[in-house]
Amino acid sequence: MGEAIVVTAMGAVTPMGLGVQAFWNGLLEERCAVGPITRFDPAGLAVRIAAQVPDVELGLSGKQLRESDAFTQYALAAAAEALQGGLPADADRVGIVMGTAMAGIATTAATQESLTTAVHKNVGPRFVPRILGNIAAAQIAIAHGLHGPSLTLSTACASGGDAVAAAAMLLLAGEADAVLAVGAESILCPLVIYSLANARALSRRNDDPLRACRPFDQDASGFVIGEGGAALVLETASHARARGAEILAELAGWANNTDGYHVTAPIPDGSKAAACMAHALRRAGMQPEDIGYINAHGTGTPEGDRAEAAALQALFGADCPPVSSTKGLTGHMMGAGGIAEAIACILAIRQGMLPGNFNLSNPGVELPLLHGPEQRTIDTAMTNAFGFGGQNSSLVFRRFG
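Okay, so the sequence shown: first residue is 0 according to numbering that gives the first Met the number 0, each after it adds one.
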């Protein structure tokens with residue numbers, strides 16, 4: 000594999016609030032962020048609940064707020080926290096890999112609605128740069144004066160995990176000395192909710208939002224939309240050491256593959272997800288029994304949860320380590336989720352606490368599921384992110400040194 004790739008900084012804005020610590024505290028305190036939608040009037044929609052980023056000061060300028068969609072704002076805030084200690088390398092050698100599933104879809108929907116109903120047809124000059132997928136990476140580069148490689152990936156809900164993998168590959172290829180991997184998403188708008196609700200992908204527990212998202216539970220009825228942004232600074236170990244950076248964890252392995260099966264449904268036996276996890280382990284030079292904790296994709300959709308459980312059973316068997324999905328608390332943050340959940344893995348390794356599986360009353364799969372946060376010393380953790388189109392992403396982190 001070559002030189003070790005390490006994580007030296009993290010940032011997040013999630014339904015728990017602004018900052019990595021707010022996110023981690025929310026997971027360990029089991030503060031469920033799912034509630035009624037307040038971003039717009041959801042009356043008349045079949046689904047009226049979501050896990051929204053609260054109304055917090057993101058530290059952005061008026062110009063940034065005016066000229067960007069919410070997904071870009073969350074990306075900017077997460078990147079700012081990750082870079083608060085300064086640039087990790089010469090600006091010409093700092094890259095960005097951005098992951099987002101649907102980019103500026105909420106702005107697109109709102110603009111079209113306004114255009115349709117307005118007497119005077121007018122669309123602002125900033126509409127296109129607000130909705131482009133790459134614009135979040137561009138705004139981060141502008142804000143911090145970065146001039147290295149800039150890539151944007153859109154692999155559905157695997158986008159965040161794939162951004163981390165692509166960042167590692169840029170480093171190993173010598174294209175950058177440090178890479179900021181960022182994931183961000185905000186899809187809260189009637190257009191998206193109508194579609195996902197009609198596809199029966201969303202939970203309709205509008206009268207009980209705190210118990211709506213139930214990963215791996217017998218009573219799971221669909222996922223809950225979440226939103227947010229998350230970021231990791233990745234470097235080679237030698238570069239991090241040379242500049243005296245604190246190394247938080249090693250990105251030991253990563254993998255991506257595709258089911259090649261169905262547009263929205265996973266292969267029921269989870270065989271390609273299992274192959275993806277196995278590939279990440281091979282890259283890390285590890286065996287299944289070496290993993291101490293698995294942060295599962297676990298969205299709360301029965302079909303998806305069963306397929307992931309089958310994949311875990313096939314790969315890990317009776318020796319499967321503790322498993323939990325944090326989406327019962329945060330909702331499904333889509334492009335941001337893969338990186339936010341990687342942060343949860345890194346903190347689990349560093350602090351010896353494993354997040355629980357919120358709303359797990361009656362397990363619907365045969366896995367060693369954590370019912371609540373658990374104190375346990377681990378040296379390794381895996382996180383999965385799967386998406387529409389059969390996209391599979393797996394990351395493996397381990398204690399460094």
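C-beta: ideal position from N, C-alpha, C; glycine also. None of these values were measured; they are calculated from a predicted model.
Name the two residues that bound the continuous alpha helix (DSSP H) containing residue i.
{"i": "M9", "result": "It is not in any alpha helix (DSSP H) - M9 instead sits in the beta strand (DSSP E) that spans I4 to T13."}
{"i": "F126", "result": "F126 to I130"}
{"i": "I338", "result": "G336 to Q350"}
{"i": "M168", "result": "S158 to L171"}
{"i": "G327", "result": "K326 to T329"}
{"i": "E245", "result": "Careful: E245 lies outside any alpha helix (DSSP H) and carries neither H nor E."}
{"i": "S113", "result": "I104 to T116"}
{"i": "L280", "result": "S270 to A283"}
{"i": "H143", "result": "I134 to H143"}
Among the options, whose alpha-carbon lies nearest the alpha-carbon of residue i?
{"i": "G132", "options": "V96, G160, V395 and A117", "result": "V96"}
{"i": "R375", "options": "A172, L353 and F387", "result": "L353"}
{"i": "H331", "options": "L201, E56 and A274", "result": "L201"}
{"i": "A384", "options": "H261, I36 and A162", "result": "A162"}
{"i": "V181", "options": "I338, L346 and A274", "result": "I338"}
{"i": "Q72", "options": "S392, T99, N361 and D91", "result": "T99"}
{"i": "A423", "options": "E184, V122 and T110", "result": "The question about residue 423 has no answer, for the chain in this structure spans 0 to 400."}
{"i": "E245", "options": "E28, A77 and G85", "result": "G85"}
{"i": "Q51", "options": "T300, I186, Q390 and L369", "result": "I186"}
{"i": "F357", "options": "G363, L328 and A343", "result": "L328"}
Just the C-alpha distance for residue i and residue j, rounded to the nearest angstrom, thanks.
{"i": "I141", "j": "V93", "result": "13 Å"}
{"i": "R242", "j": "A236", "result": "10 Å"}
{"i": "E174", "j": "N24", "result": "36 Å"}
{"i": "N256", "j": "G388", "result": "11 Å"}
{"i": "R38", "j": "D54", "result": "10 Å"}
{"i": "V191", "j": "R240", "result": "45 Å"}
{"i": "I415", "j": "M333", "result": "Residue coverage of the chain in this structure runs from 0 to 400, which leaves residue 415 outside it and unanswerable."}
{"i": "T379", "j": "G316", "result": "18 Å"}
{"i": "Q312", "j": "P124", "result": "52 Å"}
{"i": "A229", "j": "L17", "result": "10 Å"}
{"i": "L394", "j": "P208", "result": "30 Å"}
{"i": "D68", "j": "P287", "result": "41 Å"}
{"i": "P267", "j": "E302", "result": "7 Å"}
{"i": "V12", "j": "D304", "result": "26 Å"}
{"i": "A45", "j": "G225", "result": "17 Å"}
{"i": "A341", "j": "V232", "result": "12 Å"}
{"i": "A42", "j": "C31", "result": "23 Å"}
{"i": "P321", "j": "E373", "result": "10 Å"}
{"i": "D216", "j": "A88", "result": "45 Å"}
{"i": "R47", "j": "T298", "result": "18 Å"}
{"i": "Q111", "j": "K120", "result": "10 Å"}
{"i": "G400", "j": "I348", "result": "13 Å"}
{"i": "Q20", "j": "M9", "result": "10 Å"}
{"i": "S149", "j": "A76", "result": "18 Å"}
By the 10 Å Cβ neighbour count, where 16 or more other Cβ atoms means buried, how is residue i classified, buried or exposed?
{"i": "F126", "result": "exposed"}
{"i": "H296", "result": "buried"}
{"i": "K62", "result": "exposed"}
{"i": "G144", "result": "exposed"}
{"i": "R204", "result": "buried"}
{"i": "F238", "result": "Per the sequence shown, the amino acid found at residue 238 is His instead of Phe. With 16 or more other Cβ atoms within 10 Å, it is buried."}
{"i": "E234", "result": "buried"}
{"i": "L179", "result": "buried"}
{"i": "R397", "result": "buried"}
{"i": "A172", "result": "exposed"}
{"i": "S194", "result": "exposed"}
{"i": "V122", "result": "exposed"}
{"i": "T116", "result": "exposed"}
{"i": "S392", "result": "buried"}
{"i": "P189", "result": "buried"}
{"i": "A198", "result": "exposed"}
Quick one: give me the first and last residue of the beta strand (DSSP E) that residue i is part of.
{"i": "Q390", "result": "Q390 to R397"}
{"i": "S149", "result": "S149 to L152"}
{"i": "G252", "result": "A248 to T257"}
{"i": "V178", "result": "A177 to E184"}
{"i": "M333", "result": "M333 -> no beta strand (DSSP E), and no H or E assigned at all."}
{"i": "G98", "result": "V93 to G98"}
{"i": "A384", "result": "T379 to G386"}
Tell me the start and end of each unbroken beta strand (DSSP E) in the stretch 15 to 85 that is at least 3 residues and wholly inside, in chain order. 33 to 35 and 48 to 50
What are the start and end residues of each continuous alpha helix (DSSP H) run of 4 or more residues lying completely inside the stretch 195 to 241, in chain order? 236 to 241
Taking only runs of the alpha helix (DSSP H) that begin and end inside the stretch 287 to 320, which ones reach a length of at least 4 residues, in chain order? 301 to 315
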